[in-house]
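First comes the structure, then the notes that go with it.
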Amino acid sequence: MEKIKVLFVCVHNSARSQMAEAFLKKYGGQKFDVKSAGLEPGVLNPLVVRVMKEDGFDLSGNSTKGVFDMFKNGDLFNYVITVCDATKAEKCPIFPGINKRLHWGFDDPSSLEGTEEEKIAKTRVIKEEIKAKIQSWIKEIEGE
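Counted from 1, the sequence shown has number 506 at position 59 by the numbering used here; the numbering is strictly sequential.
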């Protein structure tokens, strides 16, 4: 069976899309070929690296990638899923050959305010929201 190709996109590929990629790779098994990218690649968010490590994921060696580079390379995906706010998602290029473009809005860990502990707590909440969405989406895909 051919793998389902999925691309997660957020603004900087520093937080939400990285988490979504890691969770789909873990929970989706061999069914998916998963990548993530950003509209404006940035620096990996250290809070995300920290809270993902709590779940056994080491993202510290990951690099951020640009969605427009993938577009220019002609990469093909069955699903392009934006995980940023709707306004930013509109800037995502239209990839040829995609079956579905989905939008899942999650808060941006990079824009959180408060003490370090408050930011970590909020980042954990975002992580759990992304994990739950990935797990429910896998069940949805398996039902198709």
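Cβ atoms here follow ideal geometry from the backbone N, Cα and C, with glycine treated the same way.
Straight-line Cα distance separating residue j from residue i
i, j, result
"Val496", "Phe553", "17 angstroms"
"Gly521", "Thr529", "18 angstroms"
"Asp516", "Lys580", "27 angstroms"
"Cys457", "Lys569", "18 angstroms"
"Trp551", "Val527", "11 angstroms"
"Thr562", "Leu494", "12 angstroms"
Terminal residues of the alpha helix (DSSP H) in which residue i lies
i, result
"Lys578", "Glu563 to Gly590"
"Val527", "First-last for Val527: Tyr526 to Thr529, but that is the beta strand (DSSP E), not the alpha helix (DSSP H)."
"Val514", "Val514 to Lys519"
Residue i, enclosing beta strand (DSSP E) - first and last residue
i, result
"Phe553", "Counting along the chain, Phe553 falls outside any beta strand (DSSP E), and DSSP gives it neither H nor E."
"Val490", "That residue, Val490, is in no beta strand (DSSP E); it is neither H nor E in DSSP."
Beta bridge counterpart(s) of residue i as assigned by DSSP
i, result
"Ala469", "Ala469 pairs with nothing; no bridge assigned."
"Lys547", "Tyr526"
"Phe504", "Per DSSP, none; premise fails for Phe504."
"Lys478", "The partner list for Lys478 (beta bridge, DSSP) is empty, contrary to what the question assumes."
"Val453", "Val481 and Tyr526"
Contacting residues, own chain, Cβ-Cβ under 8 angstroms from residue i (five flanking each side not counted)
i, result
"Arg571", "Val498 and Glu501"
"Glu575", "none"
Contact set for residue i: own chain, Cβ-Cβ below 6 angstroms, skip 5 residues either direction
i, result
"Asn492", "Ser461, Ala462, Pro556 and Ser557"
"Val481", "Val453, Glu468, Leu471 and Lys472"
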